[in-house]
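First comes the structure, then the notes that go with it.
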Amino acid sequence: MHNNNRNNRANANKKLKDEENKKQKQANNKSNKKAEKGNKKDKRKKGKSSSSSSDSSNSEDSLSEGELAKVLEEVEEKKKLVAILRTKAWRMKRKLVTLKESQAFIEKFEGALGKGKGRRFYAYKVMMTKKWIKFKRDFENFKTSCIPWEMKIKEIESHFGSSVASYFIFLRWLYGINLILFSLTFGLVVIPEVLMGLQYGSIPRKTVPRKEQPTAMDFSVLWEFGGYIKYSALFYGYYNNERMIGVFKYRLPLSYFMVGVGSFGYSLMVVIRTMTRNARESGVDGDDGDFNFSWKMFTSWDYLIGNPETADNKFASITTSFKESIVDEEENQKDENVHLRRFLIVLANFLIFCCLAGSGYLIFYVVKKSQKYSALETLTWYQKNEIDIVMALLGMFVPPLFETIATLENYHPRIALKWQLWRMFALFLGNLYTFLLALIDQVNAQLAEEESIKNKTLAMMNSYNSTNSTSERIPAIDPADFPRGPCWETGVGLEFTKLTVSDILVTYGSILVGDFLRALFVRFINYCWCWDLEYGFPSYTEFDISGNVLGLIFNQGMIWMGTFYSPGLIGINILRLLTSMYFQCWAVMCCNVPQSRVFKASGSNNFYMSLLLLILFLSLLPVVYTVMTFTPSFDCGPFSGKAKMFEVIMETIQYDFPAFIGELFGYASNPGLILPGILLMVLAIYYLNATSKTYEAANLELKKKMQMLRDEQKNRRNNKNTVNPMLQDLEDLLPNNANVSKLELVKDEKVIQERNKKGTNQVVVEKQPTVTNGVTKTNGKHGKEMALVPPPPRMVVTKPPNPRQASHLLGQPRSGTPGSGPRRPPPGQPRH
Amino acid sequence: MGSYSSQLSKIEDLHEIIQETGFSKAHIGRLYGRYEELDKSNRGKLTREDFQRIGELAVNPLGDRIINAFFPDEKQSLDFRSFVRILACFRPTVKEKFADPNAPEPINSRSNKLRFAFQLYDQDKDGKISREELIQVLRMMLEAQVTEDQLESITDRTIQEADMDGDGAISFEEFRKSLENINLEHKMSIRFLQ
Chain C
1 MHNNNRNNRA
11 NANKKLKDEE
21 NKKQKQANNK
31 SNKKAEKGNK
41 KDKRKKGKSS
51 SSSSDSSNSE
61 DSLSEGELAK
71 VLEEVEEKKK
81 LVAILRTKAW
91 RMKRKLVTLK
101 ESQAFIEKFE
111 GALGKGKGRR
121 FYAYKVMMTK
131 KWIKFKRDFE
141 NFKTSCIPWE
151 MKIKEIESHF
161 GSSVASYFIF
171 LRWLYGINLI
181 LFSLTFGLVV
191 IPEVLMGLQY
201 GSIPRKTVPR
211 KEQPTAMDFS
221 VLWEFGGYIK
231 YSALFYGYYN
241 NERMIGVFKY
251 RLPLSYFMVG
261 VGSFGYSLMV
271 VIRTMTRNAR
281 ESGVDGDDGD
291 FNFSWKMFTS
301 WDYLIGNPET
311 ADNKFASITT
321 SFKESIVDEE
331 ENQKDENVHL
341 RRFLIVLANF
351 LIFCCLAGSG
361 YLIFYVVKKS
371 QKYSALETLT
381 WYQKNEIDIV
391 MALLGMFVPP
401 LFETIATLEN
411 YHPRIALKWQ
421 LWRMFALFLG
431 NLYTFLLALI
441 DQVNAQLAEE
451 ESIKNKTLAM
461 MNSYNSTNST
471 SERIPAIDPA
481 DFPRGPCWET
491 GVGLEFTKLT
501 VSDILVTYGS
511 ILVGDFLRAL
521 FVRFINYCWC
531 WDLEYGFPSY
541 TEFDISGNVL
551 GLIFNQGMIW
561 MGTFYSPGLI
571 GINILRLLTS
581 MYFQCWAVMC
591 CNVPQSRVFK
601 ASGSNNFYMS
611 LLLLILFLSL
621 LPVVYTVMTF
631 TPSFDCGPFS
641 GKAKMFEVIM
651 ETIQYDFPAF
661 IGELFGYASN
671 PGLILPGILL
681 MVLAIYYLNA
691 TSKTYEAANL
701 ELKKKMQMLR
711 DEQKNRRNNK
721 NTVNPMLQDL
731 EDLLPNNANV
741 SKLELVKDEK
751 VIQERNKKGT
761 NQVVVEKQPT
771 VTNGVTKTNG
781 KHGKEMALVP
791 PPPRMVVTKP
801 PNPRQASHLL
811 GQPRSGTPGS
821 GPRRPPPGQP
831 RH
Chain F
833 MGSYSSQLSK
843 IEDLHEIIQE
853 TGFSKAHIGR
863 LYGRYEELDK
873 SNRGKLTRED
883 FQRIGELAVN
893 PLGDRIINAF
903 FPDEKQSLDF
913 RSFVRILACF
923 RPTVKEKFAD
933 PNAPEPINSR
943 SNKLRFAFQL
953 YDQDKDGKIS
963 REELIQVLRM
973 MLEAQVTEDQ
983 LESITDRTIQ
993 EADMDGDGAI
1003 SFEEFRKSLE
1013 NINLEHKMSI
1023 RFLQ
C-alpha cells in the first residue's frame, strides 16, 4: 500500500517535472538549470543527488532526470527490503539471494544519489567506465589493424576462396615464427659476436686465406657466399672458441649451442600448440552445419561496407562461399558405382606408387653415377649438375602427373588436395634425403682431410716452438697464411644457404615466367590468335596450393637444418618470406584465375601443420646426428678443440655451477634412471591416448544422438498434417490407452461399446462421441485443444452444456475456444 | 555537452521517447545530431532520398529494403520520433541483473531484432519468406555469373534446412530457429549506442 502511494507520488512528480522541463526548454539554458535545481530541491526532501547538479558535465550526461528518479526510487526500495528481509517468510536461499542482489544494487547506485563528494565520485566512475569501454573498443580496432597483411589476405580470399587464402595465412604464420627465431639467433649469437668478439683478421679463422684474397670481393664469389661472406659472422667457422668474450664475460659457445637447441625447442612447441589450438577450435564450431545455407543467406552481408570497391569484393566473396558450399553439397550427395570407384582409386594409387618408385630409382641411379664421376678429374657441366637437373625435372613434371592421375579418383577437392600433398611430400623427401646423403659423404671426406691438416699444423707448431724456444711470442705468421682445415661445418652451412637461395630464385622465376609471362601472352596475343586463348588451351594459371605449401614447408625444413651451421640463413629466410608475401599476393591477384572448383579450406590448417611437424622432426634428425657423432673442426667454430659439440654443456656445469649440480647431472644421466623415465613416458602416452579415444567416441555418440533428435523433431512436424492429430495427442497423453484410442478412430461401433465398458476413462470423456467419421475429424481438433489446454474457469461457469449438434456447429468455426467440451456427458449417458 | 542540451531542447516529447526506447539523453542527442545531418533539406523530416545518400546503404544489396523498413505504410517522410523508435531496435542489449520478468519486452530484444531482419526478407508481409522472396534476395546478393540453376538449388537447400513444417516457406519461428546460434545481440547492435 505504502509502495503504491509512493509510486503514485513519484509518477505525479515525474509528470510535473516533465511539464516544467518542457517549459524550461523554451527558456534559455542557464535558467533551465537553475529552475531544475529549485524544482528538485522541493521535490526531494533529502536534497540528495542531482539537486547539486551541474557540478560535473559528465554526470549530467550519464544520468537523465527520469533515470535518476527511478534509480532513487529503487534504491530506497532495496534499502527497505534489506531492513525487513529478516521478517519475510521466505526460504533462506531466496533471502540470501535477494540480500546479495539488493546490497549490490545499493552499493552501485547510492553513489549516484549521494551528496557532493559521493556523487562526484560516482560520476567519475561512470565516466571512467565509459572511457574504458571506448578504450577497449579502440584497442580492439587497433589490434585488428595491426595484424599484418590482413586486408591483402581478405582481398585474396574474396576472389579466390578460403583455400588460397589459407596458404597466405600459413605464410604469415611462418613469418611470425621466423621473426622470433631470427631475433633469438641474431640477438644472442650474431650481434654479441660482432660487438664483443675479436675483430676480423685477428685470428686465422676470422681471415680470408691468402689464396682466396684476390677474388674475395668478386661478385661471382660473393654470390656463391664465398670470399668475405664465408668468413663472417653469418657462418659457423667465424666464431671463436673462447669460453667467455667481452667485458660481460658472455659465454658465446654455450649461447651458440643453447640457441641452436632452443630454436628447435621453440619451433616444436609452437607447432604443437598451434595444432592443439586448431583442433580445439575446429571441434567447437564443427557441428553447426545444420543451417549452413541459411546463415550464409541471412548473415553474410557486412552492413558496415560503404565503399563500392569493398562491396564488389564482398559480392565476390559471398558468391565464392556459396559456390564452396555447393561443391560440398554435391560431394555429399554423390552416389555412383561403388565398385568402379574403388577400382579407380586402387588403380590411381598403384600408378602413383609406380611414379614414386620410378623417381626414387632415378635419383638413386643418378647419385650412384655421380659417385663414379667424382673419381674422374675433368667433368663436363652436365656431369657436374646431373643430380640437380634430374631433381628439378622430377619436381617439375611429376606433380602435374600426380594431379592427372588423381582425377581418376574423383575425390572432393579438399581431400584430393591432401592426397596430392602427401604424394608430393614423398617425392620431395626423396630429394631432400639424397641431398643429405651427399652432404654427409662430403663431410666424411672433409673430416679425413682435416685430420691430416691438423697433424701437419701441430707438427709445424711443434717444430717452430722447438727451434725458436728463446722467443716467448708465438710465431708471427700472418693469419691469412696460416694453414687451416676445410671446416666442414661452414661447408654444410654454405650448402644449405646456396640451396635456399637457388630455391628462392627458382620459385620467383617460375612465378614470373609461368604465371606472369603466360598471363601477358594469353591476355595480349588473344587479340590476334585463331582460337580463344583465355578459355582455350593455355588459359591463365590457377594458383597451385599444394605446390606452394610444400615449397614453403620444405624451405622451412632447410632453414631449420641449416641455421645451426649458418646463423645468417634465418635472416635470408626472413627476407624471402617478406618478399614472397608481397610478390605472391601481387602475382595471384594479377595473373591467376580462381580454381574452377572453388572449395573451402578445412576450418584449420592442421594438415599443413602436421606436414610441418613431420618436416621439423626430419630436419631435427640430421642436425642431432651431426652434433652427437662428428668431431667439430679443430680450428674453426665455437666448439673447436672439443671432442664433441655438446661438451660445452658439461664444461659449463663443471666451471660455472656449484659442484653438487654436476653430481646431480651425473646421476640423472645414469641409464638406470633414464630407462624407467622413458618407460613412464610411454605409459603416459598410452594412457592419454586411450582416454582421448574414449572421449572421442562419447563425443561422436552424443553428436549422433543430437542429430537424431533433430531429425525426429523435423519428421514429426512434417508428418503432422498427414497423420491425424488426435491420434498423436492421445498417444502422447496416455500411452497405455493408445490402443484403445486407435481403435476408436477406426471402427466406430466397436468403439462405443468399448467406451461403455470403460465408462470412467478420462480420455473418452473428453472426446465427444460422434455419430459419423467425418464429424469425428472436425471434432478432433476441438478435442485436441481441450486435451492440451485446460479450459478457463469462467467458461465452465457461464456456459451451459450445449446440445451435441449445436456444439459441432459452434466448435467448427472457433475451434480455439475450449470449454464446452469437457462438461459434456460421456456417451451412453442421458443428455439433458 | 552544451551542444547536447541545445539539441535536446529542440526535441519534442523527449521524455516519451526516452521511456519508449530506453535510450539515454546523451544517445538521443547524438541520434538527433545524426538526424539533422541526414536531413539535407532542413525540413525536420527525412525522406527516402536522404537515406539513399548514405554510402553504406547505397552499396548494400538490401539497401532499398532497409530504407523501406524506415517508411512503413507507404509513408513518404519520417519524423525524429519514428526514426529513434526504429533505431531503438539496434540498441545493444545489456544483461541486466535486476531485470523485471514482468516488464514488457524491451524494444531492443532479440526477437525484435530478428523481426526487423525478417521483414527485410518478407516483402509481401505474409509472415513467411517464400521461395520467390529468397531467390530475389539471392539475385541481389550474388554476382551475375551464378546460373539460375545454382540460385534455385541454393534456395531449395536453404528452405530445406530451415523449414520445419514442410510448407516450403520460412516462417518467423523457423527463421528464429535457424539463427539460434548466431550472436545476434552483437551483430545487430550499433556500438556507439552502448
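Residue numbers (the working numbering), protein chains in the order written: chain C, 1 to 832; chain F, 833 to 1026. Ideal placement from N, C-alpha and C gives every residue a C-beta, glycine not left out.
{"query": "List in chain order: all unbroken alpha helix (DSSP H) runs of 4+ residues lying wholly within the segment 861 to 941 of chain F.", "result": "880 to 884, 887 to 891, 895 to 902, 912 to 920"}
{"query": "Go through the segment 627 to 673 of chain C residue by residue and report every complete run of the alpha helix (DSSP H) that reaches 4 residues or more, in order.", "result": "647 to 656, 659 to 668"}
{"query": "Within 10 angstroms of the Cβ of G485(C), are there 16 or more other Cβ atoms? Answer buried if so, exposed if not.", "result": "buried"}
{"query": "Interface residues of chain B around N892(F) at Cβ under 8 Å?", "result": "Given the protein chain composition of this structure (C and F), no chain B is represented."}
{"query": "Is there a C-beta anywhere in chain F that falls below 8 Å from the one on K152(C)?", "result": "no"}
{"query": "Verify the CB distance criterion: does I106(C) have a CB-CB separation below 8 Å to chain F?", "result": "no"}
{"query": "Note down, in chain order, all residues in the segment 941 to 956 of chain F with a beta-carbon under 8 Å from any beta-carbon belonging to chain C.", "result": "A949, Y953"}
{"query": "Spatial neighbours of D871(F) within its chain, please: C-beta separation below 8 Å, excluding the five flanking residues on both sides.", "result": "K877, L878, D882"}
{"query": "Is the CB of L870(F) under 8 Å away from at least one CB in chain C?", "result": "no"}
{"query": "For F291(C), return the contacting residues in chain F, with the cut-off set at a CB-CB distance below 7 Å.", "result": "E993, A994, S1010"}
{"query": "Compare the C-beta of K714(C) against all C-beta atoms of chain F and say whether one is closer than 8 Å.", "result": "yes"}
{"query": "Cβ closer than 8 Å: which chain C residues qualify as neighbours of E964(F)?", "result": "Here the premise fails: no neighbours, minimum Cβ distance about 14 Å."}
{"query": "So, is the C-beta of L974(F) closer than 8 Å to a C-beta in chain C?", "result": "yes"}
{"query": "Taking T319(C) as the query, report the chain F residues whose CB atoms sit under 9 Å from its CB, ordered along the chain.", "result": "M973, L974, E975, Q977, V978"}
{"query": "Identify every residue that forms a DSSP beta bridge with S1003(F).", "result": "K960(F)"}
{"query": "Counting only Cβ-Cβ distances shorter than 8 Å, please list the residues of the segment 326 to 360 of chain C near chain F, keeping chain order.", "result": "I326, E329"}
{"query": "Using a C-beta to C-beta distance shorter than 7 Å, which residues of chain F count as neighbours of F322(C)?", "result": "L974, I986"}
{"query": "Assuming the contact rule is C-beta atoms closer than 8 Å, T979(F) and L966(F) should be a hit. Round their C-beta distance to whole Å, please.", "result": "Going by Cβ atoms, the distance from T979(F) to L966(F) rounds to 16 Å, so no, they are not a contact pair."}
{"query": "How about P308(C): is its C-beta nearer than 8 Å to some C-beta of chain F?", "result": "yes"}
{"query": "Hey, L552(C) and G562(C) are a contact pair by Cβ (cut 8 Å); roughly how many whole angstroms apart?", "result": "Contact doesn't hold; Cβ gap of about 16 Å is too wide."}
{"query": "At a CB-CB cut-off below 8 Å, which residues of chain C make contact with V969(F)?", "result": "M297"}
{"query": "Can you give the beta carbon distance from G262(C) to S359(C), rounded, assuming they're within the 8 Å contact cut?", "result": "With a Cβ gap of about 37 Å, G262(C) and S359(C) do not count as contacting."}
{"query": "Which word fits L494(C), buried or exposed, when buried means at least 16 other C-beta atoms lie within 10 angstroms of its C-beta?", "result": "buried"}
{"query": "Please confirm whether F315(C) has its beta-carbon closer than 8 Å to some beta-carbon of chain F.", "result": "yes"}
{"query": "With hydrogens ignored, establish whether the beta-carbon of E101(C) is closer than 7 Å to any heavy atom of the ligand NAP.", "result": "No copy of the ligand NAP occurs in the structure displayed, which carries no ligand at all."}
{"query": "I'd like to check one pair, G1000(F) with I1014(F): are the Cβ atoms closer than 8 Å?", "result": "no"}
{"query": "Examine chain F for any beta-carbon lying closer than 8 Å to the beta-carbon of S294(C), and answer yes or no.", "result": "yes"}
{"query": "Using a Cβ cut-off of 8 Å (strictly closer), state whether K1019(F) contacts chain C.", "result": "yes"}
{"query": "Is it true that the segment 130 to 148 of chain C meets the segment 519 to 534 of chain C, where meeting means three or more beta-carbon pairs spaced less than 8 Å apart?", "result": "no"}
{"query": "Could you please give the first and the last residue of the uninterrupted alpha helix (DSSP H) stretch that includes K296(C)?", "result": "292 to 299"}
{"query": "When you compare the CB positions of M628(C) and F617(C), do they come within less than 8 Å of one another, or not?", "result": "no"}
{"query": "Can you list, in chain order, the residues of its chain whose CB lies under 6 Å from that of E918(F), leaving out five sequence neighbours each side?", "result": "Note that residue 918(F) corresponds to Ile in the displayed sequence, not to Glu. So the list reads F902, once near-sequence residues are dropped."}
{"query": "For E331(C), I'd like the list of residues in its chain whose CB is within less than 8 Å of its CB, leaving aside the five on either flank, ordered along the chain.", "result": "H412"}
{"query": "Taking only beta carbons into account, state which residues of the segment 908 to 928 of chain F come closer than 8 Å to chain C, listed in chain order.", "result": "none"}
{"query": "When we look at the beta-carbon of P904(F) and count the other beta-carbons within 10 Å, is it buried (16 or more) or exposed?", "result": "exposed"}
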